[in-house]
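Engineer:
Protein chains: 2
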Amino acid sequence: MREVLAEAAFQLFMERGFEGTTVDDIVARAGVGRRSFFRYFPSKEDAVFPDHERCLAEMTAFLESGGIRDGGDPVDAVCEAARIVLRMYAANPEFSVQRYRLTREVPGLRTYELSVVRRYERTLAGYLRRRYGAQRDGALRAEVIAAAVVAAHNNGLRSWLRSGGEGDAEAAVDHALGLVREVWGRPAQASGDAAVLTPAPGLGDGDGEVIVMVASRNAPLWRVVQRLESALAESPALK
Amino acid sequence: MREVLAEAAFQLFMERGFEGTTVDDIVARAGVGRRSFFRYFPSKEDAVFPDHERCLAEMTAFLESGGIRDGGDPVDAVCEAARIVLRMYAANPEFSVQRYRLTREVPGLRTYELSVVRRYERTLAGYLRRRYGAQRDGALRAEVIAAAVVAAHNNGLRSWLRSGGEGDAEAAVDHALGLVREVWGRPAQASGDAAVLTPAPGLGDGDGEVIVMVASRNAPLWRVVQRLESALAESPALK
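These protein sequence lines are chains F and P, in that order.
The first sequence begins at 1 in full-length UniProt numbering and counts up by one.
The second sequence begins at 1 in full-length UniProt numbering and counts up by one.
#1: Residues of the region 110 to 131 of chain F with a CB closer than 9 Å to any CB of chain P: list them in chain order, please.
#2: What does the alpha-carbon distance come out to for the pair residue 87 of chain F and residue 170 of chain F?
#3: At 7 Å on the CB atoms, spell out the chain P contacts of residue 137 of chain F, in chain order.
#4: Could you spell out the range, first to last residue, of the alpha helix (DSSP H) harbouring residue 92 of chain P?
#5: By how many angstroms is the C-alpha of residue 5 of chain P removed from the C-alpha of residue 27 of chain P?
#6: Going by beta-carbon coordinates alone, are residue 177 of chain F and residue 146 of chain F separated by less than 8 Å?
#7: Can you list, in chain order, the residues of its chain with a C-beta nearer than 6 Å to that of residue 18 of chain P? Leave out the 5 residues immediately preceding and following it.
#8: Would you tell me roughly how many angstroms separate the C-alpha atoms of residue 229 of chain P and residue 42 of chain P, rounded to the nearest one?
#9: Apply the 10 Å Cβ neighbour rule to residue 65 of chain P and answer buried if 16 or more other Cβ atoms are within range, or exposed otherwise.
#10: Using the three-state DSSP reduction, which class does residue 208 of chain P fall into: helix, strand or coil?
#11: If you measure between the beta carbons of residue 142 of chain F and residue 128 of chain F, is that distance less than 8 Å?
#12: According to DSSP, is residue 60 of chain P helix, strand or coil?
#13: Are there three or more Cβ pairs, one per stretch, closer than 8 Å when the region 28 to 35 of chain F is compared with the region 97 to 104 of chain F?
#14: Give me the Cβ distance between residue 74 of chain F and residue 131 of chain F, rounded to the nearest whole Å; I'm assuming they're in contact under 8 Å.
#15: Let me know the secondary structure DSSP gives residue 50 of chain F once reduced to three states.
#16: Please confirm whether residue 183 of chain P and residue 183 of chain F have their CB atoms less than 8 Å apart.
#17: Would you report the Cα separation of residue 1 of chain P and residue 108 of chain P, rounded to the nearest angstrom?
#18: Where do the N-terminal and C-terminal ends of the alpha helix (DSSP H) with residue 178 of chain P fall, by residue?
#19: Within a Cβ cutoff of 7 Å, which residues of the same chain sit near residue 121 of chain P, ignoring the five residues on either side of it in sequence?
#20: Could you check where the alpha helix (DSSP H) with residue 73 of chain F kicks off and where it finishes?
#21: Return the chain-ordered list of same chain residues with a C-beta closer than 7 Å to the C-beta of residue 60 of chain P, the five sequence neighbours on each side being excluded.
#22: Is the Cβ-Cβ distance between residue 12 of chain F and residue 24 of chain F less than 8 Å?
#23: For the alpha helix (DSSP H) that residue 15 of chain F lies in, which residues bound it at each end?
#24: For residue 207 of chain P, which residues of its own chain have a beta-carbon under 8 Å away from its beta-carbon, when the five flanking residues on both sides are left out?
#25: List, in chain order, every chain P residue whose beta-carbon is nearer than 8 Å to that of residue 105 of chain F.
#26: Buried or exposed: which applies to residue 21 of chain P, given that a residue is buried once 16 or more other Cβ atoms fall within 10 Å of its Cβ?
#27: Do residue 116 of chain F and residue 52 of chain F have their CB atoms nearer than 8 Å?
#28: Please say whether residue 159 of chain P and residue 172 of chain P have beta carbons closer to each other than 8 Å?
#29: Roughly how many angstroms separate the alpha carbons of residue 48 of chain P and residue 118 of chain F, rounded to a whole number?
#30: Can you tell me whether residue 113 of chain F is buried or exposed? The criterion is at least 16 other CB atoms within 10 Å of its CB, across all chains shown.
#31: Nearest-angstrom Cα distance between residue 193 of chain F and residue 185 of chain F?
#32: For the alpha helix (DSSP H) containing residue 250 of chain P, list its first residue and its last residue.
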């Protein structure tokens, strides 16, 4: 019933526009009574985004079950949680692309979408706040990272939608989330030639510890970075 | 006239609630005709936030005039632009705190506020996109940083509002923006801490040149990598 109503609503929005379609039109097309509509959707806007509630619930469940794994990087967990949203869009490219175009044209839908996006952001921030606990600036960090994850996700998603749903949506979003993980993610464990030393007068910018590292010029950059990361991870004062 | 209407509106919202106040009530209190209201405010919601349009215009003008200075760090410029919003709130603590409480209670106002925040975010992202130009992932970086700046600004602003407007609003927001600048800002010392040396017996894995680098332990990893990359780029045998 819910799917029938959402499908009838969307057909009509495409045919007559969002403003030009009433709830009465939708229930007539779906062949049900008016009260049925409001049993499933609080408003006409909700019928345009029928899957966000389920998706929010899935995201919440994923994060409450511990994210990726206990003790894993919280930033990895929220990136993985954001992918749940992407998969919802990618599961039905044609519908997603048409809805994207419709949303661009209807201010009320854009506003609705902003509220939904904000709820995802708050869900991610809430998880990060719990993970960061009493860390200094934990709440601030949680909110900034959640906003960055949402912005990156939406950048990848939008470029896929703008392309008409061509190409690999997951790859576009993974690439965008990569920027956030690169900046905010926890360094991976590895072994290597870098060390964190304290103190080193005259080196660095004078605020305490410095990294001193030696690596082969021929080593790939990622391996050099890995060594650096591992040195940072081994340092007692983890960032 | 605009100020008189906004003040009458806000008094009534405080007395009767937002939903319990009509535009007719507002114009009666202000002693003007109904059409005057809509000359200044498209909707009742707009009267709750009478300064955002001016503030958006000021932000746009600041960024179009080149931000802080030509060639300056784009991240510094958007942080400075965000402070324009903060100063609008801080100029009138009592009004800002009351409005914050009102907004918490009225879903329609929260939605309106989300739209305003989104416009600030788009303004900041647009500026960063222009500054990053054709850089790889410039648009992505612009959107992620704009979202991070807005989230940090709002974290500082909200903690000040929640405290009832006590304390130093600018200091709270500066502290929050500091996290974004630390992670995304341009390094103060752009070059010089990493070098590629030839030869260095006993160091590296024996295949010739080695990288020796020293960086502040407090520098974000990506900035350390940037230094490494710049050292590699200066080396004649480019990777």
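Note that beta-carbon positions come from the ideal geometry of N, C-alpha and C, so glycine has one too.
None of these values were measured; they are calculated from a predicted model.
Structural biologist: Looking at the atomic coordinates:
#1: 110, 111, 112, 114, 115, 117, 118, 121, 125
#2: 8 Å
#3: 179
#4: It is not in any alpha helix (DSSP H) - residue 92 of chain P carries neither H nor E in the DSSP assignment.
#5: 7 Å
#6: no
#7: 106
#8: 52 Å
#9: exposed
#10: Caution applies to residue 208 of chain P, whose pLDDT of 47 falls short of 50 and renders its modelled position unreliable; the value that the coordinates give is listed next. Residue 208 of chain P: coil per DSSP, three-state reduction.
#11: yes
#12: helix
#13: no
#14: 4 Å
#15: coil
#16: yes
#17: 25 Å
#18: 169 to 184
#19: 146, 147, 150
#20: Premise fails: residue 73 of chain F is in no alpha helix (DSSP H) and is neither H nor E.
#21: 123
#22: no
#23: 2 to 16
#24: Only weak support is given to the placement of residue 207 of chain P: the predicted model assigns it a pLDDT of 46, under 50, and the question is left unresolved by the model.
#25: Within 8 Å Cβ-Cβ: nothing; residue 105 of chain F doesn't reach chain P, min ~16 Å.
#26: buried
#27: yes
#28: yes
#29: 21 Å
#30: buried
#31: With a pLDDT of only 47 at residue 193 of chain F, under the threshold of 50, the placement of this residue in the model should not be trusted; the figure read from the coordinates follows. Computed Cα separation, rounded: 21 Å.
#32: Because chain P spans 1 through 239 in this model, residue 250 of chain P falls outside it and cannot be assessed.
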